[in-house]
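Student: Let me give you the structure first, and then I'll get to my questions.
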Amino acid sequence: MAELQFFTGTMDSGKSTLALQTNHNHAARGRVGRIFTTHDRAGESILSSRLGLQHDAIEVHPDFNFWRYVVDTLTHGGRIDYLICDEAQFFTADQIDQLARVVDELQIDVFAFGILTDFRTMLFPGSARLVELADRVLVLQVEALCWCGKRATHNARTENGAMVVEGEVIVVGDVDAVDEAPADVAYEVLCRQHHRRRLTAARAKAVSMAPEPLPFG
């Protein structure tokens, strides 16, 4: 029986790498699939991993209809055994419903990959619908780490190095490297405690380097 599977984790936990590996494993066994993504850090119509791997993909816009695409492909003699859907948190709730219909009525496996919550700690609509409909929700076992060493559970957005909790939900950026200057817009994974305190790695470093007050007043 085909399944709708949702693989989730914070940024930097290897979701896109797993998506590419999943496609490789199925293709190596002679199965024919399609890869979909949206708002990938590498640009339009590309599924990329931070490890440097990438694959051509079909860009999913808000008006894209998965059911119509699959039915049209099959009607014209094409073959589809599975779908790989990366950055699925950005899909609309209707598109997730379409994927579930593809699984149930056409018996085509769907493997979706995405993060649960945005930088405000609120569920993405696409991820919320996947949790509601998926046959299986699997949390990735590769744990991203907060700067303090604890398991990272939240995605933080930074602007010029400062954490923000307001703004557009979808702004493309990447996880900042520790040894690079802060980007205009970037992301950082934090534990819940430091996300609540808005204490990013850069801010923690600045605080630790601040001079101690003199022991007299």
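Reading the sequence shown from the start, the letters are residues 210 to 426 in my numbering. For every residue, glycine included, the Cβ atom is placed at its ideal position computed from N, Cα and C.
Return helix, strand or coil for Cys402, following the three-state DSSP convention.
Tutor: The sequence shown places Gln at residue 402, rather than the Cys named in the question. The answer is helix: DSSP assigns Gln402 an H, G or I state.
Student: Taking the beta strand (DSSP E) that Ala353 belongs to, which residues open and close that run?
Tutor: Looking at the DSSP string, Ala353 is not in any beta strand (DSSP E), and its letter there is neither H nor E.
Student: Report the rounded CA-to-CA distance for Tyr291 versus Gly358, giving the unit in angstroms.
Tutor: So the alpha carbons of these two residues sit roughly 37 Å apart.
Student: Exposed or buried, what is Met220 when buried is set at 16 or more other beta-carbons lying within 10 Å of its beta-carbon?
Tutor: So Met220 ends up on the buried side.
Student: Suppose the cutoff is 7 Å on Cβ atoms and the five residues either side in sequence are ignored; what does the same chain contact list for Leu332 look like?
Tutor: Contacts found: Leu325, Thr326.
Student: Among residues of its own chain, excluding the 5 on either side of Glu296, which ones have a beta-carbon nearer than 7 Å to its beta-carbon?
Tutor: So the list reads Thr246, Thr247, His248, Asp249, Gly323, once near-sequence residues are dropped.
Student: Pull up the distance between the alpha-carbon of Leu342 and that of Glu368, whole angstroms please.
Tutor: Taking the straight line from one Cα to the other gives about 35 Å.
Student: Is the Cβ-Cβ distance between Glu397 and Ala371 less than 8 Å?
Tutor: No, the pair does not count as a contact, with Cβ atoms beyond the cut-off.
Student: Use the C-beta contact count for Thr284: other C-beta atoms within 10 angstroms, 16 or more gives buried, fewer gives exposed.
Tutor: Exposed, since its Cβ has fewer than 16 Cβ neighbours within 10 Å.
Student: Hey, would you say Val311 sits closer than 8 Å to Trp276, going by beta carbons?
Tutor: Yes, the pair counts as a contact, with Cβ atoms nearer than the cut-off.
Student: Have a look at Arg329 and Glu212 and give me their C-alpha separation to the nearest angstrom.
Tutor: Those two C-alpha atoms are separated by around 31 Å.
Student: Starting from Ala371, trace the beta strand (DSSP E) both ways and give me its first and last residue.
Tutor: Here the beta strand (DSSP E) through Ala371 covers 371-373.
Student: Using C-beta distances below 7 Å, list every residue in its chain close to Ser258, excluding the 5 sequence neighbours before and after it, in chain order.
Tutor: Once the five neighbours on either side are set aside, the close Cβ partners of Ser258 are Ser225, Thr226, Leu229.
Student: For Asp393 and Ile317, I'd like the C-alpha separation in whole angstroms.
Tutor: Computed Cα separation, rounded: 41 Å.
Student: Would you mind working out which of Phe216, Thr217, Ser222, His264 sits nearest His233, comparing C-alpha positions?
Tutor: With distances taken between Cα atoms, His233 lies closest to His264.
Student: Roughly how many angstroms lie between the CA atoms of Ala413 and Asp344, to the nearest whole one?
Tutor: One C-alpha to the other measures close to 41 Å.
Student: Please report the straight-line C-alpha distance between Ala415 and Arg401, rounded to a whole angstrom.
Tutor: Cα-Cα distance, rounded: 20 Å.
Student: Should Arg360 be labelled buried (16 or more other beta-carbon atoms within 10 Å of its own) or exposed?
Tutor: Per the 10 Å Cβ criterion, exposed.
Student: Ala321 lies in the beta strand (DSSP E); which residues open and close that run?
Tutor: Run containing Ala321: 318-323, per the beta strand (DSSP E) assignment.
Student: Looking at Val293: is its Cβ nearer than 8 Å to the Cβ of Gly242?
Tutor: The question names Val, but residue 293 in the sequence shown is Ile. A contact, by the Cβ cut-off of 8 Å.
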